[in-house]
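>
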């Protein structure tokens with residue numbers, strides 16, 4: 001029996017649509033935000049990065065549902081998205097008041113970290129256009145029905161932006177179910193987004209409700225505990241990496257509590273330094289576990305977006321076959337490659353992913 005029932009490609013304009021915020025990332029390169037005099041800019045966002053990875057690396061047709069303030073920064077973000085190949089016809093443009101008192105675009109200042117110095121992110125995203133979306137703003141029947149979509153992806157970052165965004169997600173997930181659209185959700189817990197609006201308690205209230213509507217759930221150990229309240233007995237997660245048996249128990253609890261999860265996946269990361277991690281992945285599907293090839297001492301240039309590239313690789317694997325082992329291998333390989341390049345989004349190619357999945361070494365390719 002198939003893990004997921006997907007709509008035929010010929011009946012759909014889009015393979016995947018993501019719902020979430022797209023920010024302008026300002027990157028000081030090898031320097032620090034607090035001392036730099038130059039920034040390089042990228043577009044990025046937890047949900048958007050998945051759509052971009054599927055478009056650029058895996059050649060799928062994707063679109064983003066988001067909102068931007070109609071000013072020069074918003075148009076720069078649009079230009080970056082166009083370069084990424086993600087369709088922007090479902091972007092809602094909000095009139096800008098000239099100052100940003102009522103609506104603005106999100107900025108994300110992120111430095112990469114090196115060795116003993118971890119990566120640091122500082123967001124400036126209050127009152128953004130997308131945080132003001134509310135139910136009824138998006139014609140999901142037109143998007144899912146007339147245009148046709150095979151897969152909807154969204155997540156916990158968008159859910160944390162305002163009082164209305166969880167309701168927008170719930171509306172989208174329910175409409176997706178009506179139209180036979182597969183759904184995935186990355187819990188993506190960010191303490192800074194939740195701390196002023198209720199912390200863990202609010203995160204769990206929102207995410208536990210939305211989880212009931214999700215087919216494919218993605219997250220790490222902090223995500224599952226902070227967002228779904230799935231504590232693993234005997235493991236102090238503030239101090240200790242979960243052993244593989246702990247991850248298995250955590251996921252088993254998740255699928256028991258949420259039998260609607262057809263697939264559940266998590267990255268397995270052990271942080272040795274900001275630039276050296278052990279990296280792997282675990283996937284539950286069809287009543288059993290599948291573990292990706294572990295990569296010890298993975299060297300990292302920019303870890304931001306690695307989890308999103310993991311998610312896009314997993315979705316690609318699930319959409320193009322019914323083999324969970326293959327899907328989790330693609331996920332882990334794509335995530336690993338994404339962390340070798342700067343920016344939030346993947347610069348990997350499908351050939352590179354398949355080469356890494358096949359176990360090839362990093363020899364010069366010429």
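Residue numbers (UniProt numbering): 1 to 366. Backbone N, C-alpha and C define an ideal beta-carbon position, used for all residues, glycine too. Please read these numbers as outputs of a predicted model, since none were measured by experiment.
1) If I follow the unbroken alpha helix (DSSP H) through residue 227, where does it start and stop?
2) For residue 113 versus residue 254, is the C-beta distance shorter than 7 Å?
3) Note down, in chain order, each residue of its chain lying with its Cβ closer than 6 Å to the Cβ of residue 109, except the 5 sequence neighbours on either side.
4) With a CB to CB cut of under 8 Å and the five nearest residues on each side skipped, what residues in its chain are close to residue 375?
5) Could you tell me the alpha carbon to alpha carbon distance between residue 80 and residue 348, rounded to whole angstroms?
6) Between residue 193 and residue 22, what straight-line distance do the alpha-carbon atoms span, to the nearest angstrom?
7) Ignore the nearest five residues each way along the sequence and tell me which others in residue 339's own chain have a CB closer than 7 Å to its CB.
8) Do you know offhand how far residue 146's Cα is from residue 89's?
9) Kindly indicate if chain D contains any beta-carbon less than 7 Å away from that of residue 301.
10) Assuming residue 266 and residue 282 make a contact with CB atoms under 8 Å, what is their CB distance in whole Å?
11) Suppose you measure from the CA of residue 103 to the CA of residue 288; what does that come to, to the nearest Å?
12) Taking the straight line between their C-alpha atoms, what separation do you get for residue 235 and residue 166?
13) Residue 92 lies in the alpha helix (DSSP H); which residues open and close that run?
14) Please look up how many angstroms separate the CB atoms of residue 223 and residue 247, rounded, as I've assumed it's under 8 Å.
15) Report the residue from 86, 96, 82 whose alpha carbon sits nearest the alpha carbon of residue 72.
16) Using CA coordinates, which residue listed in 155, 58, 99 is at the minimum distance from residue 85?
17) So, is residue 142 buried or exposed, given that buried needs 16 or more other C-beta atoms within 10 angstroms?
18) Excluding sequence positions up to five away, which residues of its chain have a Cβ less than 6 Å from the Cβ of residue 163?
19) Which value, in whole angstroms, describes the spacing of the CA atoms of residue 180 and residue 35?
20) For the beta strand (DSSP E) that residue 83 lies in, which residues bound it at each end?
21) Which same chain residues, not among the five before or five after residue 56, have their C-beta less than 7 Å away from its C-beta?
22) Residue 369 lies in the alpha helix (DSSP H); which residues open and close that run?
23) Got a sec, what are the start and stop residues for the alpha helix (DSSP H) residue 206 sits in?
24) Applying the 10 Å Cβ sphere with the 16-neighbour rule, what's the burial state of residue 358?
25) Under a Cβ-count criterion, where at least 16 other Cβ atoms within 10 Å of its own Cβ denotes burial, should residue 329 be classed as buried or exposed?
26) In terms of DSSP beta bridges, what is residue 124 paired with?
27) Which full runs of the alpha helix (DSSP H) of 4+ residues lie inside the stretch 327–362, going along the chain?
28) State the DSSP-derived secondary structure class of residue 272, mapped to helix, strand or coil.
29) Give me the Cβ distance between residue 227 and residue 203, rounded to the nearest whole Å; I'm assuming they're in contact under 8 Å.
30) Could you please give me the residues that DSSP links to residue 114 through a beta bridge?
31) Quick check: what's the CA-CA separation for residue 19 versus residue 148?
32) Taking 7 Å as the limit between beta carbons, can you name the residues of its chain near residue 46, skipping five residues before and five after?
33) For residue 288, report the span of its alpha helix (DSSP H) as first-last.
34) Are the Cβ atoms of residue 130 and residue 62 separated by less than 7 Å?
To lay it out plainly:
1) One-based indexing of the chain shown puts residue 227 at position 227. 221–228 is the span of the alpha helix (DSSP H), which, as asked, contains residue 227.
2) Counting from 1 along the chain shown, the entry for residue 113 is found at position 113. Counting from 1 along the chain shown, the entry for residue 254 is found at position 254. No; because the gap between Cβ atoms is not below 7 Å, this pair is not in contact.
3) Mapped onto the chain shown, residue 109 falls at position 109. Cβ within range, chain order: 26, 33, 122.
4) No statement about residue 375 is possible, as the shown extent of the chain runs from 1 to 366 and does not include it.
5) Residue mapping note: residue 80 aligns to position 80 of the chain shown, counting from 1. Residue mapping note: residue 348 aligns to position 348 of the chain shown, counting from 1. Distance between the alpha carbons of residue 80 and residue 348 is about 17 Å.
6) Locating residue 193 in the chain shown gives position 193, where the first residue counts as 1. Locating residue 22 in the chain shown gives position 22, where the first residue counts as 1. C-alpha separation (whole angstroms): 15 Å.
7) As a working mapping, residue 339 is identified with position 339 in the chain shown. Closer than 7 Å at the Cβ level, and outside the excluded window around residue 339, lie 300, 301, 302, 303, 306.
8) Within the chain shown, the letter at position 146 stands for residue 146. Within the chain shown, the letter at position 89 stands for residue 89. Approximately 14 Å, taken between the alpha carbons.
9) You won't find chain D in this structure, because it holds only one protein chain.
10) Your numbering for residue 266 matches position 266 in the chain shown. Your numbering for residue 282 matches position 282 in the chain shown. Their Cβ separation, rounded to whole angstroms, is 5 Å, which keeps residue 266 and residue 282 in contact under 8 Å.
11) Reading the chain shown from its first residue, position 103 is the one you call residue 103. Reading the chain shown from its first residue, position 288 is the one you call residue 288. So the two alpha carbons sit approximately 46 Å from each other.
12) As a working note, residue 235 is residue 235 in the chain shown. As a working note, residue 166 is residue 166 in the chain shown. Bear in mind that the predicted position of residue 235 carries a pLDDT of just 49, short of 50, making it too unreliable to give a figure here.
13) Taking the chain shown and counting its residues from 1, the one referred to as residue 92 is at position 92. No alpha helix (DSSP H) holds residue 92; the beta strand (DSSP E) holding it covers 91–94.
14) Counting from 1 along the chain shown, the entry for residue 223 is found at position 223. Counting from 1 along the chain shown, the entry for residue 247 is found at position 247. In fact, because the Cβ distance is near 12 Å, the residues do not count as touching under 8 Å.
15) In the chain shown, counting from the first residue as 1, residue 72 sits at position 72. Closest by alpha carbon: 96.
16) For the purposes of this step, residue 85 is taken as the residue at position 85 of the chain shown. Among 155, 58, 99, the Cα nearest to that of residue 85 belongs to 58.
17) The residue labelled residue 142 in the question sits at position 142 within the chain shown. Answer is exposed; the Cβ neighbour count stays below 16.
18) Taking the first residue of the chain shown as 1, we reach residue 163 at position 163. Within the same chain, residue 163 has no close Cβ partners at all.
19) If you number the chain shown from 1, residue 180 lands on position 180. If you number the chain shown from 1, residue 35 lands on position 35. About 50 Å.
20) Taking the first residue of the chain shown as 1, we reach residue 83 at position 83. Run containing residue 83: none in the beta strand (DSSP E); it sits in the alpha helix (DSSP H), 72–83.
21) Numbered from its first residue, the chain shown carries residue 56 at position 56. The answer, listed in chain order, is 84, 85, 346.
22) Shown here, the chain extends from 1 to 366; a query on residue 369 therefore has no answer.
23) Here residue 206 corresponds to residue number 206 of the chain shown, with the count starting at 1. It spans 199–211 - the alpha helix (DSSP H) in which residue 206 sits, taken as one unbroken run.
24) For this step, residue 358 is matched to residue 358 along the chain shown. Label assigned to residue 358: exposed.
25) As a working note, residue 329 is residue 329 in the chain shown. The residue in question, residue 329, is buried, as its Cβ has 16 or more Cβ neighbours within 10 Å.
26) The residue labelled residue 124 in the question sits at position 124 within the chain shown. Looking at the DSSP assignment, residue 124 forms a beta bridge with 107.
27) 350–357
28) In the chain shown, the residue the question calls residue 272 occupies position 272. Residue state, collapsed to three classes: strand.
29) Here residue 227 corresponds to residue number 227 of the chain shown, with the count starting at 1. Here residue 203 corresponds to residue number 203 of the chain shown, with the count starting at 1. Rounded, the Cβ-Cβ distance is 5 Å, consistent with contact.
30) As a position in the chain shown, residue 114 is number 114, starting the count at 1. BP columns for residue 114 point to 117.
31) Working through the chain shown from its first residue, we reach residue 19 at position 19. Working through the chain shown from its first residue, we reach residue 148 at position 148. The straight-line gap from Cα to Cα measures roughly 15 Å.
32) Taking the chain shown and counting its residues from 1, the one referred to as residue 46 is at position 46. Closer than 7 Å at Cβ, skipping near neighbours: 20, 155, 157, 186, 188, 308.
33) As a working mapping, residue 288 is identified with position 288 in the chain shown. No alpha helix (DSSP H) contains residue 288, which is instead part of the beta strand (DSSP E) from 288–291.
34) Within the chain shown, the letter at position 130 stands for residue 130. Within the chain shown, the letter at position 62 stands for residue 62. Not in contact: residue 130 and residue 62 (Cβ atoms no closer than 7 Å).
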